[in-house]
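> Quick one: the structure is below, and I'll ask about it shortly.
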Amino acid sequence: MWPQLKNYLVYFITGGFFTVLIVALEENGSRLLSGFATLIPVFTLVAYIFIGESRGGGAVGQHAWFVLIGTIVSWIPYMLVVAYLAPKWGPRYAIVAGLLAFFVLAAIYLAIVSHYRLFGET
Numbered sequence: 279m280w281p282q283l284k285n286y287l288v289y290f291i292t293g294g295f296f297t298v299l300i301v302a303l304e305e306n307g308s309r310l311l312s313g314f315a316t317l318i319p320v321f322t323l324v325a326y327i328f329i330g331e332s333r334g335g336g337a338v339g340q341h342a343w344f345v346l347i348g349t350i351v352s353w354i355p356y357m358l359v360v361a362y363l364a365p366k367w368g369p370r371y372a373i374v375a376g377l378l379a380f381f382v383l384a385a386i387y388l389a390i391v392s393h394y395r396l397f398g399e400t
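Residue numbering for the sequence shown follows my numbering, beginning at 279 and increasing consecutively.
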């Protein structure tokens, strides 16, 4: 139990550190660095290290394909909605609309993955 808790603590600290870094850079006028920090795949980096240790390279490969296609299907439309609506509606409403689009598309994607047992899904 303790090793697993230690892993969760590493995930939490890593995610929190990068979130604070991104916001601090943006607030201080460093949009280029803030954007770069946002592009770093922190969550998948940490997750893939631990998935690789516990389940091996095959699991990491399948997960990477799952996430890559899921990103195209749901995350890119989310970003497009936010980018388009934020100047018109303000950031909060744009983010809500983007998340709505994201969750609808992600649910459809997950249903297809589950139905066709893609990416090693059992």
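We put the CB at the ideal spot given by N, CA and C, even for glycine.
So, under 8 angstroms CB-CB, V320 and G293 are touching, yes? Tell me the CB distance rounded to an integer number of Å.
Going by Cβ atoms, the distance from V320 to G293 rounds to 7 angstroms, so yes, they are a contact pair.
> Specify whether the region 389-400 and the region 340-357 touch according to this definition: at least 3 beta carbon pairs, one from each stretch, less than 8 angstroms apart.
As far as the Cβ criterion goes, the region 389-400 touches the region 340-357, which means the pair count is three or higher.
> Distance check for P369 and A384, CA to CA, integer angstroms please.
Distance between the alpha carbons of A384 and P369: 21 angstroms.
> Work out the CA separation of V391 and I247 for me, nearest whole Å.
Because the chain in this structure spans residues 279 to 400, residue 247 falls outside the shown range and cannot be described.
> What are the start and end residues of the alpha helix (DSSP H) that includes G336?
Here the alpha helix (DSSP H) through G336 covers 335-348.
> Return helix, strand or coil for R370, following the three-state DSSP convention.
Reduced to three states, the DSSP call for R370 is helix.
> Quick check on this structure: which residue in A325, T322, Y326, T297 has the alpha carbon closest to the alpha carbon of S312?
Considering only alpha carbons, the answer is T297.
> From which residue to which residue does the alpha helix (DSSP H) around W280 run?
Its alpha helix (DSSP H) spans residues 280-305.
> Compare the Cα-Cα distances from L317 to each of W367, M357, Y362 and report the closest residue.
If we check each option's Cα against that of L317, M357 comes out closest.
> Could you tell me the distance, in whole angstroms, from the CA atom of S308 to the CA atom of I300?
So the two alpha carbons sit approximately 9 angstroms from each other.
> Under a three-way DSSP split, which group does R309 fall into?
If DSSP states are grouped into helix, strand and coil, R309 belongs with the helices.
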